[in-house]
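Novice: Counting in full-length UniProt numbering, the sequence shown runs from 1 upward without gaps.
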Amino acid sequence: MCSTDCVPRESIASLSAMASQETILEYKLLLACCTILMVISLCLSVANLVSIVILSRGRCGLSTCVTHYLVAMSVADLMVIIIAVIFYRIIPSYFRNPFVSITPVCRALMVLSASTSAMSVWFTVAFTFDRYVAICCQNLKAKYCTKKTCSTLIVVLSAIFFAQNIPWCFAVEPQYIVNDIPWECVYYTLATWKAFERLQRVVAPIFGFAMICLFNALIIRQILIVSKVRRRLRDQRNEQKTIDPKLENRKKSVNLLFAISGSFILLWTTFVVYSLKWQLSNFNYSETFVNTRPFIVQESGIMLQRLSSCINPCIYGLTQTKVALRCLLAFDLRPCPPPSQTRHRARAENTESLSP
């Protein structure tokens with residue numbers, strides 16, 4: 001067999017040129033993905049911040065539990081944008097040797113990025129379960145759907161997933177050391193760390209998908225049963241077709257739930273399916289130069305996953321009229337109304353019925 005020395009220089013030069021062209025192409029693709037992420041994250045992080053302020057003030061036509069869960073989800077999403085998108089993806093792509101490339105900082109960002117992403121997922125699951133209890137389990141509604149239970153659950157979930165993702169600190173080692181300063185993070189390729197990566201990136205989201213789909217299916221079943229019963233009662237009483245306030249409020253709450261759950265599942269699917277095949281060693285771009293197709297799928301999946309943390313404020317505005325109105329009033333530069341009109345408006349809003 002011919003050794004490497006027998007290969008003509010022209011072939012070696014052509015192979016080197018092809019490799020350099022692939023490297024340049026993949027770098028441009030990575031830069032394009034980071035640019036798209038930067039524009040989207042900067043625009044929608046402002047929307048996330050506005051939604052946190054508006055929801056924290058209340059008077060949005062939502063119950064206390066729903067408001068608390070939405071605020072927690074918005075805070076988690078904002079942290080995902082800041083940590084996982086800006087610090088972990090954008091800054092290393094646009095700046096040479098940034099401080100985030102120092103190994104201890106990189107490890108901390110890995111833990112915080114994984115923790116905030118997990119919190120965003122499981123806050124969505126907790127919100128779905130809360131709506132399931134409120135609609136399908138009337139006996140537990142008074143005990144479970146309370147402000148205290150909601151706050152306790154949010155704190156417990158945050159502590160659990162932060163502790164669960166601490167092992168990410170030990171899953172990497174420095175790539176090189178300059179002047180006694182460790183730089184970059186290189187993944188270990190042991191079977192233990194591969195199993196840990198699969199558990200974090202694949203099993204946990206799929207389990208969350210299953211729980212969300214299960215609770216949504218049970219909610220749809222209960223709503224259909226209740227709607228048939230109420231329609232039959234109205235027909236027996238020969239009542240005219242009037243708007244049922246309770247059903248309308250429940251409809252808005254369910255629309256919000258389905259919109260959040262559906263967008264979450266759709267935007268996470270590419271990343272989860274891709275992670276089923278991709279090994280931990282390849283996640284750190286060690287084999288992206290072989291073919292650009294896996295690289296494009298990887299970056300698209302990550303971009304869609306991060307986009308799921310930006311899109312919830314848009315869902316709030318599209319499904320909840322009062323949230324959209326509060327957003328418009330927040331950016332309204334007209335003079336404030338007299339105090340009498342403000343008190344009258346607040347009294348009218350407080351007398352309106354809240355969603356379950």
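Built from N, CA and C at the ideal position, the CB exists for glycine as well.
1) Count the other C-beta atoms from every protein chain shown that fall within 10 angstroms of the C-beta of S152, then say buried if there are 16 or more, exposed otherwise.
2) Taking 7 Å as the cut-off, decide whether the C-beta atoms of C145 and A134 are in contact.
3) Please list, in chain order, all residues of the same chain as I91 whose beta carbon is under 6 Å from its beta carbon, the five residues on each side excluded.
4) What is the rounded straight-line gap between the Cα of I223 and the Cα of R232?
5) Quick check on the DSSP output: the alpha helix (DSSP H) that includes I135 runs from which residue to which?
6) Excluding the 5 residues preceding and the 5 following I52 in the sequence, name in chain order all residues of the same chain whose CB lies nearer than 8 Å to its CB.
7) For S261, which of K228, W122 and S93 has the nearest alpha-carbon?
8) Using the three-state DSSP reduction, which class does P98 fall into: helix, strand or coil?
9) Suppose contacts are defined by Cβ-Cβ distances below 7 Å. Is N165 in contact with S115 by that definition?
10) Starting from W183, follow the alpha helix (DSSP H) in both directions and report where the run begins and ends.
11) Can you check whether the CB of R131 is closer than 7 Å to the CB of L257?
12) Quick one: is Q298 buried, meaning 16 or more other Cβ sit within 10 Å of its Cβ, or exposed?
13) Cutting at 7 Å between CB atoms, please list the residues of its own chain near P205, excluding the five before and the five after it.
14) Count the other CB atoms within 10 Å of the CB of Q305; is the residue buried (16 or more) or exposed (fewer)?
15) Using C-beta distances below 8 Å, list every residue in its chain close to S263, excluding the 5 sequence neighbours before and after it, in chain order.
16) May I have the straight-line CA-CA distance separating Q175 from P182, to the nearest angstrom?
17) Could you tell me the alpha carbon to alpha carbon distance between F162 and V111, rounded to whole angstroms?
18) What is the DSSP secondary structure of I311, counted as helix, strand or coil?
19) Going by CA-CA distance only, name the one from I219, K148 and G301 that's closest to R201.
20) Starting from the Cα of M211, find the closest Cα among F127, S45 and A142 and give me that residue.
21) Opposite V186 in the DSSP bridges: which residues?
22) Return helix, strand or coil for I81, following the three-state DSSP convention.
23) Could you tell me how far apart the beta carbons of T64 and K147 are, in whole angstroms, since I believe they sit closer than 8 Å?
24) From the DSSP secondary-structure annotation, give me the bridge partner or partners of V53.
25) Let me know if T35 comes out buried or exposed under the rule of 16 or more other beta-carbons within 10 Å of its beta-carbon.
26) What does the Cβ neighbour count give for I219, buried or exposed, with the cut at 16 atoms within 10 Å?
27) Report, in whole angstroms, the separation of the C-beta atoms of F129 and L109, which I expect to be a contact under 8 Å.
Specialist: In terms of the structure at hand:
1) One point to set straight first is that residue 152 is Thr, not Ser, in the sequence displayed. Per the 10 Å Cβ criterion, exposed.
2) Yes, the pair counts as a contact, with Cβ atoms nearer than the cut-off.
3) Cβ neighbours of I91 beyond the five flanking positions: P98 and V100.
4) Spanning the two alpha carbons is a distance of roughly 14 Å.
5) Note, I135: alpha helix (DSSP H), T103 to C136.
6) Take I52, set aside five residues on each side of it, and the residues of its chain with a beta-carbon closer than 8 Å to its own are V71, S74, V75 and L78, in chain order.
7) Comparing Cα-Cα distances from S261 to each of K228, W122 and S93, the minimum goes to W122.
8) The DSSP-derived three-state label of P98 is coil.
9) The criterion of a C-beta distance shorter than 7 Å is satisfied by N165 and S115.
10) Secondary structure note for W183: it is in no alpha helix (DSSP H), and the uninterrupted beta strand (DSSP E) holding it is I181 to W183.
11) In this structure, the beta-carbon distance from L257 to R131 falls below 7 Å.
12) Flag for Q298 reads buried.
13) Answer for P205: V121, W268 and V272, listed in chain order.
14) Q305 sits buried, since 16 or more C-beta atoms from the chains shown fall within 10 Å of its C-beta.
15) S308, I311, N312 and I315.
16) Taking the straight line from one Cα to the other gives about 7 Å.
17) If I take the Cα positions, the gap works out to 8 Å.
18) It is coil, neither helix nor strand.
19) Distance from the Cα of R201 is smallest, within the candidate group I219, K148 and G301, for G301.
20) When F127, S45 and A142 are compared, the shortest CA-CA separation from M211 is found for F127.
21) V186 pairs with E173.
22) Collapsing the DSSP output to three states places I81 in a helix.
23) The Cβ separation is near 5 Å, so the contact holds.
24) Beta-bridge pairing links V53 to no other residue.
25) T35 should be labelled exposed.
26) Classification for I219: buried.
27) Contact between F129 and L109 is absent: CB atoms are separated by about 30 Å, not below the 8 Å threshold.
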